[in-house]
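A.B. asks: To start, I am sharing the structure in question, which I have written as structure tokens.
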Amino acid sequence: MLARVPRALPQATVNVAFGQNSGPKNAQLQNSRVGPVCLLKRNGKPFGNRLVRATWETFALASASRRTPSRPPSGWRWPVAESAAMGENSRMLQPIAFHQQLTRVWPPAVWNEVTVLVAVSGGPDSVALLRGLTAVRAPGSGQLIAAHFNHGLRGEHALADEAFVVDLCRRLGTSCEVGRADWNHGSKQQPAVMEIAPDPKELRQHASSPPGEAVLRTARYRFLRDTAQRVGARYVATGHTADDQAETVLHRIVRGTGIAGLAGIRRHRELVPGVSLVRPLLEISRRQVRDYLDALGQDARADGSNADQRYTRNRIRHELLPHLAAQYNPRVAGALTRLATLAGDIQEVVASLLEDLQIRCIDSESPGQVTVDCGQLARVPRYLARELLMDLWRRQGWPLQAMGFERWEELADLASTPLVGPRRKVFPGSIAAQRDGPSLRLVPPARDGTAMKAECANVPQPKSYS
Numbered sequence: 019m020l021a022r023v024p025r026a027l028p029q030a031t032v033n034v035a036f037g038q039n040s041g042p043k044n045a046q047l048q049n050s051r052v053g054p055v056c057l058l059k060r061n062g063k064p065f066g067n068r069l070v071r072a073t074w075e076t077f078a079l080a081s082a083s084r085r086t087p088s089r090p091p092s093g094w095r096w097p098v099a100e101s102a103a104m105g106e107n108s109r110m111l112q113p114i115a116f117h118q119q120l121t122r123v124w125p126p127a128v129w130n131e132v133t134v135l136v137a138v139s140g141g142p143d144s145v146a147l148l149r150g151l152t153a154v155r156a157p158g159s160g161q162l163i164a165a166h167f168n169h170g171l172r173g174e175h176a177l178a179d180e181a182f183v184v185d186l187c188r189r190l191g192t193s194c195e196v197g198r199a200d201w202n203h204g205s206k207q208q209p210a211v212m213e214i215a216p217d218p219k220e221l222r223q224h225a226s227s228p229p230g231e232a233v234l235r236t237a238r239y240r241f242l243r244d245t246a247q248r249v250g251a252r253y254v255a256t257g258h259t260a261d262d263q264a265e266t267v268l269h270r271i272v273r274g275t276g277i278a279g280l281a282g283i284r285r286h287r288e289l290v291p292g293v294s295l296v297r298p299l300l301e302i303s304r305r306q307v308r309d310y311l312d313a314l315g316q317d318a319r320a321d322g323s324n325a326d327q328r329y330t331r332n333r334i335r336h337e338l339l340p341h342l343a344a345q346y347n348p349r350v351a352g353a354l355t356r357l358a359t360l361a362g363d364i365q366e367v368v369a370s371l372l373e374d375l376q377i378r379c380i381d382s383e384s385p386g387q388v389t390v391d392c393g394q395l396a397r398v399p400r401y402l403a404r405e406l407l408m409d410l411w412r413r414q415g416w417p418l419q420a421m422g423f424e425r426w427e428e429l430a431d432l433a434s435t436p437l438v439g440p441r442r443k444v445f446p447g448s449i450a451a452q453r454d455g456p457s458l459r460l461v462p463p464a465r466d467g468t469a470m471k472a473e474c475a476n477v478p479q480p481k482s483y484s
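Residue numbering for the sequence shown follows this note's numbering, beginning at 19 and increasing consecutively.
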């Protein structure tokens, strides 16, 4: 059996008392994949297959030089001992190991001296993130600030989530910023609460049915972005886990995607200039999060909307993934996250190649207009040509959702195929692509919004590619 020991302790023999009649047993401090552990032995052989609760008082450590103090260091807690079984389905991630993994992925030295805004919904993932960052944070001039966004769709349950987060932050000594979505433009302003009014388009959609996932996500990230800028945060941390990564990749496969989409959730990206979005739990599973909170005795809120089958992601989480695990591959979630890692590695290579291609293939680029050298573009592999055009499209802020694989192929054909005379096509968003000799010009519609609308009206809308 295994029992946790503090990292600072040296190799030593440990006398362990398991009750009045059991007598002492010797143990040797060892290291394992989850940190320093204590392998319990009797007469030189490992023994026992039951869990025990260990406290500092049950251990009397001795070494050649000195005895261990009779009391633990200030603030130190001895977690529950755990089973030696280290399989993926049975391993418990205790606080020490959770903190070690968190600091490995996002070292406190990176963020100690700056302000970090932690998105906290009140659910297990975000609560574990806040507790973990609070525990591993080293002394510095920076601060942790929690941010909770109330979407305003679940009535008293949403208010209870908000109250839970505020109380948790109070107990942890952490500042808390709260935002509420004012779907009706009529909610009363409350102290220390930022009211967020959705766009008119979002209001019209909410009037007939609950907002879609994309609308809710946009409102939530708008609140995080605005709050980060207001409090001067350098980072915004969210509690996305390995399970979220698997669901995202599977969602994109079902919907239709490319290599970039297979990379799933990015570990970090720029939210706005000067503010980075980070996901420190992306290698940790929901089960590990639950085990961590159980070890702390920390409760969390359950969001009933996570079971709402109207949302595609919920159907993937509760129906499709469990079905794949039961009928095809019990470790399908791990396979999907590995796929995301490999696709992300490929995208890093592609990104480095695109930097060179931009210099060679783009004659001019300004807001609202791009000119591409088709002669240079025709010499590069087809995949890179599409990626370059997608990158241009993205930088210009033109609509990507309706640009499926077939449309990207059309655009790549227009740019790389030799032509006898001028040719022009219109793409989603009324973006005109004009090929004239060795150049391809991409321009948005005229300012009055009337140009090319008729030409674009009958353009088919294929499945999303990116």
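Yeah, the Cβ is synthetic: ideal placement off N, Cα and C, and Gly gets one too.
How would you write the range of the beta strand (DSSP E) that ASP381 sits in, first residue to last?
C.D. replies: First-last of the beta strand (DSSP E) with ASP381: 380 to 384.
A.B. asks: Would you report the Cα separation of ARG328 and PHE116, rounded to the nearest angstrom?
C.D. replies: Their backbone Cα atoms lie some 34 Å apart in a straight line.
A.B. asks: Can you confirm whether the region 140 to 147 touches the region 300 to 310 when touching is taken to mean that 3 or more C-beta pairs between the two stretches lie within less than 8 Å?
C.D. replies: The region 300 to 310, when compared against the region 140 to 147, does touch it at the 8 Å Cβ threshold.
A.B. asks: Quick one: Cα of SER101 to Cα of GLN118, how far?
C.D. replies: Note that SER101 scores 32 on pLDDT, short of 50, meaning its location in the model is unreliable and no value can be drawn from it.
A.B. asks: Give me, in chain order, the residues of the same chain whose beta-carbon lies closer than 7 Å to that of SER434; leave out the 5 immediate sequence neighbours on both sides.
C.D. replies: The answer, listed in chain order, is CYS392, LEU395, ALA396 and ALA403.
A.B. asks: Identify which residue in GLN345, PRO456, LEU147 and PRO463 has its Cα closest to the Cα of LEU300.
C.D. replies: Nearest of GLN345, PRO456, LEU147 and PRO463 to LEU300, Cα basis: LEU147.
A.B. asks: Roughly how many whole angstroms lie between the Cα atoms of LEU234 and ALA164?
C.D. replies: Cα to Cα, the separation comes out at about 19 Å.
A.B. asks: Taking only three categories from DSSP, how would you classify ASN347?
C.D. replies: Coil at ASN347, not helix or strand.
A.B. asks: Taking only runs that begin and end inside the region 119 to 155, name each unbroken alpha helix (DSSP H) of 4 or more residues, in chain order.
C.D. replies: Correct list: 126 to 129 and 142 to 154.
A.B. asks: Could you compute how far the alpha carbon of GLU383 sits from the alpha carbon of LEU460?
C.D. replies: GLU383 and LEU460: Cα-Cα distance of roughly 10 Å.
A.B. asks: Just list the alpha helix (DSSP H) runs in the region 264 to 307, keeping only unbroken ones of 4 residues or longer that don't cross its boundaries, in chain order.
C.D. replies: Here the runs fully enclosed are 277 to 280.
A.B. asks: Go ahead and label PHE445 buried or exposed: buried means 16 or more other beta carbons lie within 10 angstroms of its beta carbon, across all protein chains shown.
C.D. replies: Flag for PHE445 reads buried.
A.B. asks: Find out if the Cβ-Cβ distance for the pair ARG149, GLY170 is shorter than 9 Å.
C.D. replies: No. Outside cutoff.
A.B. asks: By the 10 Å Cβ neighbour count, where 16 or more other Cβ atoms means buried, how is ALA472 classified, buried or exposed?
C.D. replies: Confidence is the limiting factor: at ALA472 the pLDDT is only 37, short of 50, which leaves the residue's position unreliable, though a coordinate-based value still follows. Answer is exposed; the Cβ neighbour count stays below 16.
A.B. asks: What does DSSP give as the partner residues of VAL388 in its beta bridges?
C.D. replies: Paired residues: GLU383 and LEU460.
A.B. asks: Can you look up ASP326 in the DSSP assignment and give me helix, strand or coil?
C.D. replies: In the structure shown, ASP326 sits in coil (DSSP, three-state: anything other than H, G, I, E or B).
A.B. asks: Do you know offhand how far GLY191's Cα is from PRO125's?
C.D. replies: One C-alpha to the other measures close to 22 Å.
A.B. asks: Helix, strand or coil: how does DSSP classify SER448 here?
C.D. replies: Looking at SER448 - three-state DSSP - the assignment turns out to be coil, as it is neither helix nor strand.
A.B. asks: For SER193, which of helix, strand or coil comes out of DSSP?
C.D. replies: In the structure shown, SER193 sits in a strand (DSSP, three-state: E or B).
A.B. asks: Beta-carbon within less than 6 Å of ASP381's beta-carbon, same chain only, minus the 5 sequence neighbours each way: which residues are those?
C.D. replies: Result list for ASP381: THR389 and ASP391, in chain order.
A.B. asks: Less than 9 Å between the C-beta atoms of ASP185 and ASP321, yes or no?
C.D. replies: Against a cut-off of 9 Å, the Cβ pair of ASP321 and ASP185 comes out as no contact.
A.B. asks: If you measure between the beta carbons of ALA251 and THR133, is that distance less than 9 Å?
C.D. replies: Against a cut-off of 9 Å, the Cβ pair of THR133 and ALA251 comes out as a contact.
A.B. asks: Would you call the region 312 to 319 and the region 262 to 275 touching, i.e. three or more CB-CB distances under 8 Å?
C.D. replies: Contact between the region 312 to 319 and the region 262 to 275 is absent, because fewer than three Cβ pairs lie under 8 Å.
A.B. asks: Of the residues ILE114, ASN130, THR236 and GLN387, which one's Cα is nearest the Cα of ILE449?
C.D. replies: Comparing Cα positions, the closest option is GLN387.
A.B. asks: Grab the span of the alpha helix (DSSP H) containing ALA255 for me, first residue to last.
C.D. replies: Looking at the DSSP string, ALA255 is not in any alpha helix (DSSP H); the run it does join, the beta strand (DSSP E), is 253 to 255.
A.B. asks: Any idea what DSSP makes of LEU402, helix, strand or coil?
C.D. replies: LEU402 falls in the helix class under three-state DSSP.
A.B. asks: Check whether the region 362 to 377 and the region 234 to 250 are in contact - that is, three or more C-beta pairs closer than 8 Å.
C.D. replies: No, the region 362 to 377 does not touch the region 234 to 250.
A.B. asks: Keeping to the same chain, check which residues put their C-beta closer than 7 Å to that of ARG441; ignore five residues upstream and five downstream.
C.D. replies: The answer, listed in chain order, is LEU432 and ARG453.
A.B. asks: Start and end of the beta strand (DSSP E) containing LEU338?
C.D. replies: Looking at the DSSP string, LEU338 is not in any beta strand (DSSP E), and its letter there is neither H nor E.
A.B. asks: For HIS341, count the other beta carbons within 10 Å of its own beta carbon; 16 or more makes it buried, fewer makes it exposed. Which is it?
C.D. replies: Burial call: exposed.
A.B. asks: Can you tell me where the alpha helix (DSSP H) holding LEU485 begins and where it ends?
C.D. replies: Since the first and last residues shown for the chain are 19 and 484, residue 485 lies out of range.
A.B. asks: Do CYS505 and VAL367 have their CB atoms nearer than 9 Å?
C.D. replies: Here the chain comprises residues numbered 19 to 484, so residue 505 is not present and cannot be evaluated.
A.B. asks: Thinking C-alpha only, which one of GLY439, PRO436, LEU437 and GLY447 is nearest GLY422?
C.D. replies: Per the Cα distances, GLY447.
A.B. asks: I'd like the list of long-range same chain contacts for ALA281, defined as Cβ closer than 7 Å, with 5 residues on each side in sequence excluded.
C.D. replies: Answer for ALA281: ALA358, ALA361, GLY362 and GLN365, listed in chain order.
A.B. asks: Tell me whether ASP200 sits in a helix, a strand or coil according to DSSP, three-state version.
C.D. replies: In the structure shown, ASP200 sits in coil (DSSP, three-state: anything other than H, G, I, E or B).
A.B. asks: Would you identify the three-state DSSP class for ARG172, choosing helix, strand or coil?
C.D. replies: Residue state, collapsed to three classes: coil.
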